[in-house]
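Counting in this note's numbering, the sequence shown runs from 1 upward without gaps. Note that the Cβ used here is the ideal one computed from N, Cα and C, for glycine as well.
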Amino acid sequence: MNKPLPAAIYVLGFTLFAMTTSEYMVAGLITSMSSDLGVSIPKVGYLITIYSLGMVFGGPLLATFLVKLSNKAALLTITGIFLVAQVVATVSATYDLLAVARFATGLSSAAFFGFALLTAAKMVPPERFGVAASIVLGGMMIATVAGLPLSAILDQYYGWRVSFALIIVLTALAGIGIILIVPKFKAEAKGSIKAEFGSIINRSIWGAFITSFFIIAATFATFSYFVPYFENTVGFDTSYIPAILFG
């Protein structure tokens, strides 16, 4: 009989749940954010794009700088960056400051993803890595079906900033969990920005890049504007939005 997975695996999954909820939640809050910030709905939608750009361009570079640290130090550094950026996003009075904060949360989220899987791989035997990885990545999946609707419900009753504040609380709890539960492993690799760019210009992977780009772009182009579409075009009442996002 297999032993239970280490509790640290679930801590990593919980952290990714918080971070991924932050990524997607703007789609459910887009109408109220537009009204509060005094910008158009399409412009609020760009905040999802900005988060994604942080993941694509900032995440790998941040991971390269942190790879010389122990896994635990890297995870805590990334979580700290995400937490500070989320606080800034929550209290932002202007769209521009919020956009900068979203970029920072995006880059830290992407970097955490890699270190979380690396840490999980070191905590379990090779034959159980698939199960461990599914738990870690499961946090991302649960964010789309639970975190997103929950943030929309909070927005309806208390406003979008409370939804953002929830991520602060969840990230702080995740950080405490990392401090107390996640084991520390010595760094084994040396990061190189040159090597990162060398990977990017490798022609053999551009087919995968381009395919992924169009699939993700098509998904988010629709997903980002679900709420205004169902409210303004279809005519659904706002109270139905969390259920739609859950579905």
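Would you mind listing the alpha helix (DSSP H) stretches within the segment 47-108 that are 4+ residues and don't spill past its ends, in chain order?
59-66 and 71-91
Helix, strand or coil: how does DSSP classify residue 5 here?
coil
For residue 26 and residue 180, I'd like the C-alpha separation in whole angstroms.
31 Å
Kindly indicate the opening and closing residues of the alpha helix (DSSP H) around residue 149.
148-158
For the segment 7-35, which segments carrying the alpha helix (DSSP H) assignment without a break, of at least 4 residues, lie completely within its bounds, in sequence order?
7-24
Does DSSP put residue 122 in a helix, a strand or coil?
helix
Any chance the segment 65-76 sits against the segment 124-134, with 3 or more Cβ pairs inside 8 Å?
no
Can you give me the Cβ contacts of residue 80 inside the same chain, cut-off strictly under 8 Å, excluding the 5 residues immediately before and after it?
175
With C-beta atoms as the reference, is residue 9 less than 8 Å away from residue 167?
no
So, under 8 Å CB-CB, residue 28 and residue 151 are touching, yes? Tell me the CB distance rounded to an integer number of Å.
6 Å
Thinking residue 63 and residue 114 are a contact (beta carbons under 8 Å), I'd like their distance in whole angstroms, please.
Going by Cβ atoms, the distance from residue 63 to residue 114 rounds to 5 Å, so yes, they are a contact pair.
Can residue 52 and residue 106 be called in contact, C-beta distance under 8 Å?
yes
Work out the CA separation of residue 96 and residue 78 for me, nearest whole Å.
22 Å
Counting C-beta neighbours from all protein chains within 10 Å, is the total for residue 157 16 or more, i.e. buried, or is it exposed?
exposed
Does the beta-carbon distance from residue 31 to residue 227 come in below 8 Å?
yes
May I have the straight-line CA-CA distance separating residue 138 from residue 13, to the nearest angstrom?
6 Å
Residue 254 classed as buried or exposed, judged by whether at least 16 other C-beta atoms fall within 10 angstroms:
In the structure displayed, the chain extends from 1 to 247; residue 254 sits before or after that span and is not available.
Could you give the first and the last residue of the continuous alpha helix (DSSP H) run that contains residue 133?
129-142
Does the distance from the C-beta atom of residue 185 to that of residue 89 stay below 8 Å?
no
Report back the beta-carbon spacing between residue 99 and residue 153 to the nearest angstrom; my notes put them in contact at under 8 Å.
No, residue 99 and residue 153 are not in contact; Cβ-Cβ is about 25 Å, not under 8 Å.
With distance defined between alpha-carbon atoms, name the residue in 22, 119, 11 and 116 nearest to residue 103.
The shortest C-alpha to C-alpha distance from residue 103 to any of 22, 119, 11 and 116 is the one to 22.
Residues in its own chain within less than 6 Å of residue 111 by CB, not counting five upstream and five downstream?
Sequence-distant partners of residue 111 (beyond 5 residues in either direction) whose C-beta falls short of 6 Å from its own C-beta, in its chain, are 59, 62, 63 and 78.
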